[in-house]
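These protein sequences, in sequence, are chains A and B. For my numbering, add 24 to where a residue sits in the first sequence, where the first one is 1. For my numbering, add 615 to where a residue sits in the second sequence, where the first one is 1. One structure is given here, and the rest of the page talks about it.
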Amino acid sequence: MPEPAPLLALEAVDAGYGALQVLWGVRLLVRHGEIVSLIGPNGAGKTTVIKAILGLVPLRRRPAGGAIRFKGERIDGLAPEQVVRRGIAVVPEGARVFPEMTVLDNLRMGALAPRARGREPQSLDDVFTLFPRLAERRPQLARTLSGGERQMLAIGRALMSCPELLLLDEPSLGLQPSLVRSIIEAISRINERGLTVLLIEQNVHFSLPISRRAYVLEQGRVVLEDAGPALLESPHVRLSYLGV
Amino acid sequence: MTFLADLVQTLINGILQGGVYAAAAVGLSLIFGVSGILNAAHGELVMLGAFATYWLFTLYHVDPLLTLPVSFALLFALGFTLQYFVLHRTLGRPLLLSLLVTFGISMILVNAALRLWSADYRMLRIPYFEHSLLVGPFILPLSRVVACAVGIGMVAGLSWLLASTRLGRMIRATAQDLEMARLVGVNPRSIYAVTFGLGAGVSGVAGSLVALYAPVEPNMGLTFTLFAFAVVVLGGLGYTAGVVWGGLTLGIAQALTETYLEAGLSLLVAFFLLYLILRFMPAGIMGKGRLE
């Protein structure tokens, strides 16, 4: 029997901003139920990978710059709102909560897609169980939240859409280590409930042990791919990302 | 005693006018706050709403109050279409471009109206709106009381829609972070078009309210564009409910000028207030405007 199609597949993706090409032949697979990490130095193009998946950065057209498939169907060329409605949710860099909206309204914004609307009350309960802090802050404007709370809110908002794939771009950026740990634990718990995750995370100490597989991106190219914990032991990663 | 009575009557007149100003400005505020378009054709939407009511009453004897939803629907459709097919192309470009395009639209609308309906001043004759409520020594013309109450009610309704409905959340999210709104599934082109439609619809209703007590003519729009702009800035840019405070301030200031100075100064008053507010309270009377 043939292997089922991966949930997400980047096939030799070339992409960038106008004349500036950032990604060069990036191949990356995310299978159902996995946590896949994408690591690499600043400027390697990690965020561009996420933006390309979401349709915020176009693939190169001539010659055709590869393809991106979600559940076997091509999603490159779709507008961002069409991509997310197919079942992909994102926690973008810096959380990007809606600042002048309450915590509750931010979460409700996550449940726009028709298939998520019916499940809104149930999803809200789930999010408040995962992040009890958000339940306390329900009527507060999002701009009054701390950095950690904003990340929780952005993750909660993404979960409200009942996605099949969750993209996270540096969810622990700028947080103190104890908060980094609790965010990573939350991601791990979300994954255990069956949600597939693609994670960009600088704190490889936290992220690689929970990752089934991981890719190392350097200068827009995938240079290494391995099981997460194994990658943590590799000399290249130890030298480049842990400084040991 | 007569001085005090005069003063109170003047304040009443100002408040009654101010409620209509709020209604006539809220659409401009909404559209600017969400899509950043400064709609120079704003007053023409008010004018079209006024004509809708005038013709429905004159030709088909529809009760003027029943024309309000029709006025809203017609102007919503016009606004939605304009944004979806024309103004959509000005988004993300300099403010001047949308100002020029909407100015062109205003010229087209004014001249179409002149061509169709001539430059005559037309006045609705509605028997049951011709009396006034008498409260002690004070006179409250029924048509103006109704216009003010419906106008303020409409602003409240729009604020409720923005605060408490799914559509309202989508509109606010788009205004706060366009890219993130798209990333939760908002189609921005539709949302901008619906927002413009709503703004145009309430402006049309404001025009219908004006038609209850004032003459209707194709060139009436410009005054409303200028007053609405003043009202929005007085109330605070980007703070939709602020138009109530801005409208009342302008209405009362104009009424005071008419009673105690000179009747022809209403436009000057608007610009003088505009100057004062920009000079001393740039976030609006309530200080709740967003400044960028």
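Think of the CB as a built atom: it goes at the ideal place given N, C-alpha and C, for glycine as much as any other residue. Keep in mind the model is a prediction, meaning the values are calculated, not measured.
DSSP three-state assignment for A/Glu58, whether helix, strand or coil: The three-state reading of DSSP puts A/Glu58 in coil, since its state is none of H, G, I, E or B.
Opposing strand residues paired with A/Phe230 [DSSP bridges]: Paired residue(s): none; A/Phe230 is not in a bridge.
Within-7 angstroms CB hit, B/Met795 to chain A: Cβ-Cβ to chain A under 7 angstroms: yes for B/Met795.
Contact list for the region 185 to 215 of chain A against chain B, Cβ threshold 9 angstroms: Result list: Ser185.
Buried versus exposed call for B/Ile900 [16 or more other C-beta atoms within 10 Å across all chains shown]: It counts as buried.
A/Met184 and A/Ser212 closer than 7 angstroms at C-beta: It is not a contact, given that the beta carbons lie outside the stated cut-off.
Span of the beta strand (DSSP E) around A/Glu35: Taken as a continuous stretch (DSSP letters only), the beta strand (DSSP E) holding A/Glu35 covers 32 to 41.
Beta-bridge partners of A/Val246, as assigned by DSSP: Looking at the DSSP assignment, A/Val246 forms a beta bridge with A/Leu241.
CB contact flag (B/Tyr669, B/Arg737, <7 angstroms): Yes. Within cutoff.
Nearest residue (CA-CA) to A/Leu241, options A/Tyr265, A/Asn215, A/Glu58: When each option's Cα is compared against that of A/Leu241, the closest is A/Tyr265.
Close-in-space but distant-in-sequence residues of the same chain around B/Glu907 (CB under 6 angstroms, 5 per side omitted): Residue placement at B/Glu907 is poorly supported in this model, since its pLDDT is 46, which falls under 50; the coordinates still yield a value, given next. A distance below 6 angstroms between beta-carbons, with the five flanking residues on each side excluded, links B/Glu907 to no residue of its chain.
Cβ neighbour criterion (16 or more within 10 Å) applied to B/Gly633: So B/Gly633 counts as buried.
A/Arg236, DSSP secondary structure in three states: DSSP places A/Arg236 in coil when its eight states are reduced to three.
Within chain A, the residues that B/Gly921 reaches when beta carbons sit closer than 8 angstroms: The question about residue 921 of chain B has no answer, for chain B in this structure spans 616 to 907.
Reduced DSSP category for B/Pro756 - H, G, I as helix; E, B as strand; rest coil: Strand at B/Pro756.
Continuous beta strand (DSSP E) stretch holding A/Asp193: start and end: A/Asp193 -> beta strand (DSSP E) spans 189 to 193.
Coil, strand or helix - B/Glu907 by DSSP: Bear in mind that a pLDDT of 46 at B/Glu907, under 50, signals an unreliable position, so the number given afterwards is only what the model happens to contain. In the three-state reduction of the DSSP assignment, B/Glu907 falls in the coil class, being assigned neither a helical nor a strand state.
Cβ-Cβ distance between A/Leu34 and A/Phe94 below 7 angstroms: For A/Leu34 and A/Phe94, no; Cβs fall outside 7 angstroms.
Nearest-angstrom Cα separation, counted from B/Gly866 out to B/Ile630: Per the coordinates, the alpha-carbon of B/Ile630 lies some 6 angstroms from the alpha-carbon of B/Gly866.
Cutoff 7 angstroms; reference B/Leu714; Cβ partners in own chain excluding five residues on either side: Excluding residues within five positions, the ones whose Cβ falls inside 7 angstroms are Leu653, Ala655.
For A/Arg237 and A/Val60, the rounded distance between their alpha carbons: When rounded, the distance between both Cα atoms is 5 angstroms.
Endpoints, alpha helix (DSSP H) assigned at A/Thr153: Its alpha helix (DSSP H) spans residues 144 to 154.
B/Leu776 to A/Leu232 span [Cα, whole Å]: B/Leu776 and A/Leu232: Cα-Cα distance of roughly 46 angstroms.
Cα-Cα separation between A/Ala29 and A/Arg143, rounded to whole angstroms: When rounded, the distance between both Cα atoms is 27 angstroms.
Stretch-stretch touch, CB-based, cutoff 8 angstroms, three pairs: the region 192 to 204 of chain A with the region 221 to 229 of chain A: The region 192 to 204 of chain A vs the region 221 to 229 of chain A: in contact.
Which residues DSSP lists as bridging A/Arg98, in chain order: A/Arg98 pairs with A/Arg93.
Simplified DSSP state of B/Ile900, which is helix, strand or coil: For B/Ile900, the three-state secondary structure derived from DSSP is coil.
Cβ separation of A/Thr220 and A/Gly64, assumed to be a contact under 8 angstroms, to the nearest whole Å: Contact annotation, A/Thr220 with A/Gly64: C-beta distance approximately 21 angstroms; criterion of less than 8 angstroms not satisfied.
A/Val115 and A/Ile207 closer than 7 angstroms at C-beta: Taking 7 angstroms as the cut-off, the Cβ atoms of A/Val115 and A/Ile207 do not count as close.
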